[in-house]
Every structure is written in C-alpha cells, then in structure tokens.
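Novice: Below is the structure I would like to discuss, written out as structure tokens.
2 protein chains.
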Amino acid sequence: MKAIAPEHDGRHDIAARLRELITGGRFMPNERLIEADLASLLGTNRANVRMALAMLDQEGLVTRERNRGARVRLVSDAEAIEIAEARRSLESLVAGQAALRVSKADRVALRKIIAAMRKAHASGDFLLISQLNAALHAEIQRIAGNATVARLLETLKSQIVRQQYRAILLPGRARNSVQEHAAIVTAICEGNERAAAKAMHRHIDGVIAALKRAIAHKGETV
Amino acid sequence: MKAIAPEHDGRHDIAARLRELITGGRFMPNERLIEADLASLLGTNRANVRMALAMLDQEGLVTRERNRGARVRLVSDAEAIEIAEARRSLESLVAGQAALRVSKADRVALRKIIAAMRKAHASGDFLLISQLNAALHAEIQRIAGNATVARLLETLKSQIVRQQYRAILLPGRARNSVQEHAAIVTAICEGNERAAAKAMHRHIDGVIAALKRAIAHKGETV
DNA sequence: ATTGACAAGATTGTCAACAATCCTGTTACC
DNA sequence: GGTAACAGGATTGTTGACAATCTTGTCAAT
C-alpha cells in the first residue's frame, strides 16, 4: 500500500498547491510560470503541471498564450471591482439562504466569531481580523449549504486576495467592517432572509468603497 | 505562413469544441468520455484531450476520478436549482448595470428582440423563443460591459441548458416569459437600475418556479 | 548609437511507448 | 445456482524524447 495522506489525488492536489502559491504571493502578477520549474518545485512532471495550469487558466488565475506559456494573471483595477460586485451579489444570496437554514449551534458559532472580531479590533490585530473575516464568510457559506455558489465565491475571492487585504488596512475600515459583520450575524440569527441579504450587500458595498479608495491611493502608497 | 483560420489555438479550441459536444447533447450525462476516442473524434492527441477535460472539470461540466477517467457530469435537481439561483443574482446585477450604460442604439436592439419574441410566441415557435431568449440575455450582458460576470454566467448556463429547455415548454410559461422580458427591457431602457435588477430577479424567479415544476413532473414525462 | 540579421539557448507543443489501474467475462469451487 | 479467484483487454497515468517556437545575446553594417 502507498502513502495516501500526502498525495491523495495528484491532479487536483497539484492545481491546489499551485493556486496557493499564486494567491499566497509566491509568484507576482505577470510573472512567467515555467512548466519545468514548477514541475521540479512541486515534485511532479510537466504533464501534470500543464493540466494544473490549464485548470488555473479556466479559473482565471493565470493566462496562457500559445507557445508563450503561462503567467500569473494581472487583474486590472476595473476587473477587481467587477469581481467584488459579483461577490456582493452572490454573498448576499448566500447570507439570505443562511438565515433560512441557521440552527442553534450555528448561531453560537457565528456570535463567537463576532466576539473574537471585536477583541481583535480592540487590540488592533489586522491580520487576525482578516482571518476572522474569512472564517465568518466561510461559516455563513457552510450554513447556507449552497455548494455551487460557495465554489463560485471561492474562485472569485482567490483572484483578488491581494487587493482585499490592502483595503482592510485603510483607516476606519476595520471598525466599519466589524459593525457590518455584526449586523449580518444579527439578521441571520433572527432568521430574516431579506435583512441578512441586505446587510451582506451593505457590507460588501463598504468593501467595494474601500477597494476604490485603495485603488485611488495606489500611486502614492506603492 | 500557416493557415490560421482552422486552428487558431489548439488548446482552447479543443476545450470549446468538447464543451459544445457536451452541452449540445452529443454525450449524455454520466456517459464516459474516453480520451483516445475523443482524440480521434477531435483530430488531436490524448495530451490535448486531457487538458481540455481538466478545464471542463474545473468548469463543472465533467467529473473525473483518478484512474477512472472522465464522465459528463450529472447535475442533480437540487444543484440545478442552486445554479439557477446563482444565475438570478448575477443576471440581476448585470441587468442593473445595463440600465446604467444603455445607449440609444442599445434600446432599439432590445426592443427589436422583444418584438420578435412576441411574434414567435404568437406563432407558437418555441425553439425560436428559446433562441431569442438567449439573444436577449446576451445583449443585456454586452450592454452591461461586465466581462467577469458574463463569463460566470456563461459557465453557469452551460451546466443546465437541458433543464432550462424543458422548462420553457411548460404550459403558460412562454407567455409569462415574454411578459417578464418585456418588463426587463422597459426598465433598462428607462435607465432605472433598481427596476431593471428587480425585473430580472422576478423573471428568473419565474424560470426557477418553472424549473421546479418541470422537476416535479419529471417522473411522468420521462 | 541604432538597427537588423543571425545563432544559441530556453521553453513550449506533440507524440509514442510503457506502466499502473480498472473493468469484464470466464472458470473453478462450494 | 452462486461466489470468488483469475486472466485478458481496455483505459488511464507517467515518462522521455523530439519538434516547433520564442527569447536573448552577439555582431556587423550604417
């Protein structure tokens, strides 16, 4: 018998690891992704790398040109906003569905995250806030139980992790973010579909506004 | 110089052709897709077929199991509804954006499609209605100019073409569909973002209701 | 200094062969 | 009759080699 844990499924595993390398910042936007290098880096062969790149291309994380290989896709500012808007629509849908399906245990979990968020905000730990942020959205998606939309959101988020991280650092954004999330949790816990969807919509409106501000100030900070 | 027209880009071309074969009904859900067969069918080699299958897997059109190859993915009834709900959110967003960006020429084009729809409905041509339906949604997406969301919608629709086609055939659905589309076009032409989004939302609510009815009656008709 | 042709290296695209695994029908056994 | 081991074919996974193409650096001519 072979070891199953480290290599459960080569294909998806390699695409997933490559995705993490890209979203994690190991490769910069527009950086060339050379098949042979990736193969040795990931401990596999070029054929698998090629398939992983094809999947990530389909996913929108890399672009490929014939005979010119793959690059990390550079998402323009306009595109980042488009993506965030799409996210707003889908997250609102999911929040509403979560309100319809929330259980007693779910309510506890959601409130726990909000409490941790408040604490992290009080101590000014932006990284932790960012992590709790992701955890809360993931929890809401889990409660909603809509795997299709969850998958869509996953790919959307992976394309703009960098921009989003910058946005939370803007002055005053963290406080608003915590308040908005609290409103979302309240609405979901009440089982109020429309209110939950609206609260989520408003929240991501805030994210988009912050994103636009971050883009406007980009020339100065970078 | 080589001929460019027939083989502009092998990779995407092959994935696209395979996608059309699947959505076009050439392969049934759950049917096994054998790499060697597809290679000879599409006039290429297994490596390219493999990459195309990887992309279509990422896209959700096929499923693959290690050492067991690829199959046309069978979307469950529950999933079909999830997909339609996601579509509702995104189409509403796009309709609203179209209302903000509609031009004089766009208005003419939209109204022309509605007129053709009414005519097709009067003569009971369901296939034509279905085509005009697709044309209208495509036109709205073009006007909105949101390529990101348009791409998402494209992949969503490709997963449920079959179910959707069945839904339009339900008694009374075609009439309602025409009316709903007319309301959408009216709102867009007025430049009313919220009204356009709501009209589109209502329209796809109708689609979803029809889809649910079609699913409920499936055992009898199939 | 700039441009263009050219060669050398790097990288991707294609293909075929082989290995590993799965699937199916057969046979032996109870 | 039913079931389990088994063999053979079918299919997928992996590898390596080669061809095709792009990229970069060099050098000569102006």
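Top line first, the protein sequences correspond to chains Y and C.
Residue numbering for the first sequence follows this note's numbering, starting at 1 and increasing by one per position.
Residue numbering for the second sequence follows this note's numbering, starting at 1001 and increasing by one per position.
Glycine is no exception: its CB is placed at the ideal position from the N, C-alpha and C atoms.
1. Along the chain, where does the alpha helix (DSSP H) that runs through C:Thr1186 open and close?
2. Name, going along the chain, the residues of the stretch 47-67 of chain Y whose beta-carbon falls closer than 9 angstroms to a beta-carbon of chain C.
3. How about C:Val1149: is its C-beta nearer than 9 angstroms to some C-beta of chain Y?
4. Confirm, please, whether the CB-CB distance from Y:Ile113 to Y:Leu90 is below 9 angstroms.
5. Determine the burial state of Y:Glu190: buried for a count of at least 16 other Cβ atoms within 10 Å of its Cβ, exposed for fewer.
6. What first and last residue would you give for the alpha helix (DSSP H) that runs through Y:Arg46?
7. In terms of DSSP beta bridges, what is C:Gly1069 paired with?
8. What does Y:Glu79 touch in chain C if you count any residue whose Cβ is under 9 angstroms from its own?
9. Does the beta carbon of Y:Ser92 come closer than 9 angstroms to any beta carbon on chain C?
10. State yes or no: is the C-beta of Y:Thr155 within less than 9 angstroms of the C-beta of Y:Gly60?
11. Buried or exposed: which applies to C:Met1028, given that a residue is buried once 16 or more other Cβ atoms fall within 10 Å of its Cβ?
12. Which value, in whole angstroms, describes the spacing of the CA atoms of C:Arg1046 and C:Ala1039?
13. Of the choices Y:Gly43, Y:Arg50, Y:Val75, whose alpha-carbon is the least far from that of Y:Asn67?
14. Entirely within the stretch 121-147 of chain Y and at least 4 residues each: give me those alpha helix (DSSP H) ranges in chain order.
15. Interface residues of chain Y around C:Leu1152 at Cβ under 7 angstroms?
16. What does DSSP give as the partner residues of Y:Arg32 in its beta bridges?
17. Within 10 angstroms of its Cβ, does C:Glu1085 collect 16 or more other Cβ (buried), or is it exposed?
Specialist: The answer reads as follows:
1. 1173-1190
2. Ala47, Arg50, Met51, Ala52, Leu53, Ala54, Met55, Leu56, Asp57, Gln58, Glu59, Gly60, Arg64, Glu65, Arg66
3. yes
4. no
5. exposed
6. 46-59
7. C:Glu1065
8. Ala1147, Thr1148
9. yes
10. yes
11. exposed
12. 5 angstroms
13. Y:Arg50
14. 126-144
15. Ala86, Leu152
16. Y:Arg71
17. buried
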